[in-house]
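Chemist:
There are 2 protein chains.
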Amino acid sequence: MAATSWEESVKSLKGVILDMCGVLYDAGEDGGSPIPGSVEAVKRLKASDLQLRFCTNETQATREVFVAKLQRMGFDISVCEVFSPAPAAVAVLKERGLRPHLLVYDGVVPEFDSVEKTNPNCVVIGDAAEKFSYQNLNDAFRVLIALEKPVLFSLGRGKYYKEDDGLKLDVGVYMKALEYACDVEAEVIGKPDPMFFQKVLDDMGIQSHQVGFKNKSSANTFI
Amino acid sequence: MAATSWEESVKSLKGVILDMCGVLYDAGEDGGSPIPGSVEAVKRLKASDLQLRFCTNETQATREVFVAKLQRMGFDISVCEVFSPAPAAVAVLKERGLRPHLLVYDGVVPEFDSVEKTNPNCVVIGDAAEKFSYQNLNDAFRVLIALEKPVLFSLGRGKYYKEDDGLKLDVGVYMKALEYACDVEAEVIGKPDPMFFQKVLDDMGIQSHQVGFKNKSSANTFI
Numbered sequence: 001m002a003a004t005s006w007e008e009s010v011k012s013l014k015g016v017i018l019d020m021c022g023v024l025y026d027a028g029e030d031g032g033s034p035i036p037g038s039v040e041a042v043k044r045l046k047a048s049d050l051q052l053r054f055c056t057n058e059t060q061a062t063r064e065v066f067v068a069k070l071q072r073m074g075f076d077i078s079v080c081e082v083f084s085p086a087p088a089a090v091a092v093l094k095e096r097g098l099r100p101h102l103l104v105y106d107g108v109v110p111e112f113d114s115v116e117k118t119n120p121n122c123v124v125i126g127d128a129a130e131k132f133s134y135q136n137l138n139d140a141f142r143v144l145i146a147l148e149k150p151v152l153f154s155l156g157r158g159k160y161y162k163e164d165d166g167l168k169l170d171v172g173v174y175m176k177a178l179e180y181a182c183d184v185e186a187e188v189i190g191k192p193d194p195m196f197f198q199k200v201l202d203d204m205g206i207q208s209h210q211v212g213f214k215n216k217s218s219a220n221t222f223i
Numbered sequence: 224m225a226a227t228s229w230e231e232s233v234k235s236l237k238g239v240i241l242d243m244c245g246v247l248y249d250a251g252e253d254g255g256s257p258i259p260g261s262v263e264a265v266k267r268l269k270a271s272d273l274q275l276r277f278c279t280n281e282t283q284a285t286r287e288v289f290v291a292k293l294q295r296m297g298f299d300i301s302v303c304e305v306f307s308p309a310p311a312a313v314a315v316l317k318e319r320g321l322r323p324h325l326l327v328y329d330g331v332v333p334e335f336d337s338v339e340k341t342n343p344n345c346v347v348i349g350d351a352a353e354k355f356s357y358q359n360l361n362d363a364f365r366v367l368i369a370l371e372k373p374v375l376f377s378l379g380r381g382k383y384y385k386e387d388d389g390l391k392l393d394v395g396v397y398m399k400a401l402e403y404a405c406d407v408e409a410e411v412i413g414k415p416d417p418m419f420f421q422k423v424l425d426d427m428g429i430q431s432h433q434v435g436f437k438n439k440s441s442a443n444t445f446i
């Protein structure tokens, strides 16, 4: 593709997916702060005839809580426009008739309310933070190893992130631990994996060549 | 090599290394029980002109505590004949002037008494069991990631083991987690890695072709 400006590219597109952290807001104390100009940019995109969706690997809060934070920052954004790993996982679980054993942060558990969880036949891990205890990891492992063919979903594959009190190991690290323990490859649901983006495209009803994606490390990326 | 009996092979050898769990004793409640005939077999080997050493991946107790258990079972065995990962790691740390941050079981910490541990420039993990907490893993990770070239030692690469209350994840699983987090390959000290066996050979002053090795899955294995 010949080099084109962001505005010119947008004209030929049917939809845009915006990453959130680093694009709309910067993480930090008190939930972070909006990046200058981003509230106005979202407004302009909404006024266009482009479809707009947002994606995040946030797995410590429900979308409701997360979106409320963005709204307080001034963003015109609603829950149904936001794609995070947990609801994408719920869709996959239901499609495949899977009942998860959850090892996720308490704040995101309600996203899984509609999923049958008795007699689990797979494991879903998210960034569980303090819940990544020795006991909880053993419990998740025992569910996996008791299955004829272990099925492990990981909500993202991040290695670590920074919080005010220092670096913290992210979900990808615990994914690797369980992969090794069970000789299994996890199915990753979240950026940057194709299965996750496909769910967003499905929702917009468009193809991958018709969408633009912007994250903090790309001025203008097309999937 | 032509097929030979265990006894015939032993005649041409200068030393024997015996694995312990599954060869001398079976694990179980109250520390396990001796395998019938094994106390007598150790006695016969000691009466021969072969050098004899024992090896184990035990990393939850010091050799003193572990050997005392075997002595109570009736084995003629002393601490200096037993090679476990912790003292092998101590030797490697001293050779290379490394100061470890330890993430190991409390019972094995005394093995590292002679090693300088301030201002750590590497991490050593063993089967830390309940000490594999989110906080302790983050702490070990922060030491590694702050190093220009992270150095990680793992006392074994086991995936899991069984205890009375169920399966437990072993050190190898947490090794994989930290490897992924830091883009580093751990140096494994313990069976079945060559560095570990080399320490045993060095102690006997013999070469690998001069030693026989017996573990629970091999009637007669030569390194």
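Respectively, the protein sequence lines represent chains Y and H.
Numbered by my numbering, the letters in the first sequence go through residues 1 to 223 in order.
Numbered by my numbering, the letters in the second sequence go through residues 224 to 446 in order.
Glycine residues also receive a C-beta, built at the ideal position from the N, C-alpha and C atoms.
From a predicted model like this one, the values you see are computed outputs, not experimental measurements.
1) Tell me glutamine 51(Y)'s beta-bridge partners as DSSP assigns them.
2) Thinking C-beta only, is phenylalanine 153(Y) closer than 7 Å to glutamate 187(Y)?
3) Return the first residue and the last residue of the alpha helix (DSSP H) that tyrosine 174(Y) is part of.
4) Tell me which residues of the region 258–269 of chain H have at least one Cβ-Cβ distance to chain Y shorter than 7 Å, keeping chain order.
5) Using a threshold of 7 Å, state whether the C-beta atoms of asparagine 82(Y) and valine 67(Y) are closer than that.
6) When we look at the beta-carbon of glutamate 111(Y) and count the other beta-carbons within 10 Å, is it buried (16 or more) or exposed?
7) Would you call the region 11–26 of chain Y in contact with the region 39–57 of chain Y, where contact means no fewer than 3 C-beta pairs closer than 8 Å?
8) Any C-beta of chain A within less than 7 Å: which residues of the region 382–410 of chain H qualify?
9) DSSP state of proline 310(H), grouped into three classes?
10) Is aspartate 242(H) near the ligand GTP - that is, is its Cβ less than 6 Å away from at least one heavy atom of it?
11) Helix or strand or just coil, what does DSSP make of valine 265(H)?
12) For phenylalanine 298(H), tell me which candidate among Gly320(H), Glu263(H), Arg319(H) and Arg322(H) has the shortest Cα-Cα distance.
13) Using the Cβ count rule (16 or more neighbours within 10 Å means buried), how would you classify threonine 282(H)?
14) Go through its chain and collect everything with a Cβ distance to proline 150(Y)'s Cβ below 6 Å, but skip five positions before and after it.
15) Taking Cβ positions only, does leucine 155(Y) come closer than 7 Å to chain H?
16) In terms of residues, what are the limits of the beta strand (DSSP E) holding isoleucine 375(H)?
17) Can you look up isoleucine 145(Y) in the DSSP assignment and give me helix, strand or coil?
18) Hey, alanine 61(Y) and glycine 107(Y): beta-carbon distance below 7 Å or not?
19) Would a check of beta-carbon distances place glutamate 353(H) closer than 7 Å to chain Y?
20) By the 10 Å Cβ neighbour count, where 16 or more other Cβ atoms means buried, how is tyrosine 105(Y) classified, buried or exposed?
21) Does any C-beta atom of chain Y lie closer than 7 Å to the C-beta of tyrosine 357(H)?
22) How would you label asparagine 361(H), buried or exposed, when you count the other beta carbons within 10 angstroms and need 16 or more for buried?
23) Would you please state the rounded distance, in angstroms, between the beta carbons of glycine 172(Y) and tyrosine 357(H)? I believe it to be under 8 Å.
Modeler: Here's the rundown:
1) Gly15(Y)
2) yes
3) Element bounds for tyrosine 174(Y): 171–182.
4) none
5) It should be noted that the sequence gives valine, not asparagine, for residue 82(Y). Yes, these two residues count as a Cβ contact at 7 Å.
6) buried
7) yes
8) Judged by its chain identifiers, the structure shown contains no chain A, and its protein chains are Y and H.
9) helix
10) No copy of the ligand GTP occurs in the structure displayed, which carries no ligand at all.
11) helix
12) Glu263(H)
13) buried
14) Leu144, Cys182 and Val184
15) no
16) The residue asked about is misnamed: residue 375(H) is leucine in this sequence, not isoleucine. 375–377 is the span of the beta strand (DSSP E), which, as asked, contains leucine 375(H).
17) helix
18) yes
19) Interface residue, yes.
20) Its Cβ being crowded by 16 or more others within 10 Å, tyrosine 105(Y) is buried.
21) For tyrosine 357(H), a Cβ of chain Y is located within less than 7 Å of the residue's own Cβ.
22) buried
23) That belief does not hold up - the Cβ atoms of glycine 172(Y) and tyrosine 357(H) are roughly 15 Å apart, past 8 Å.
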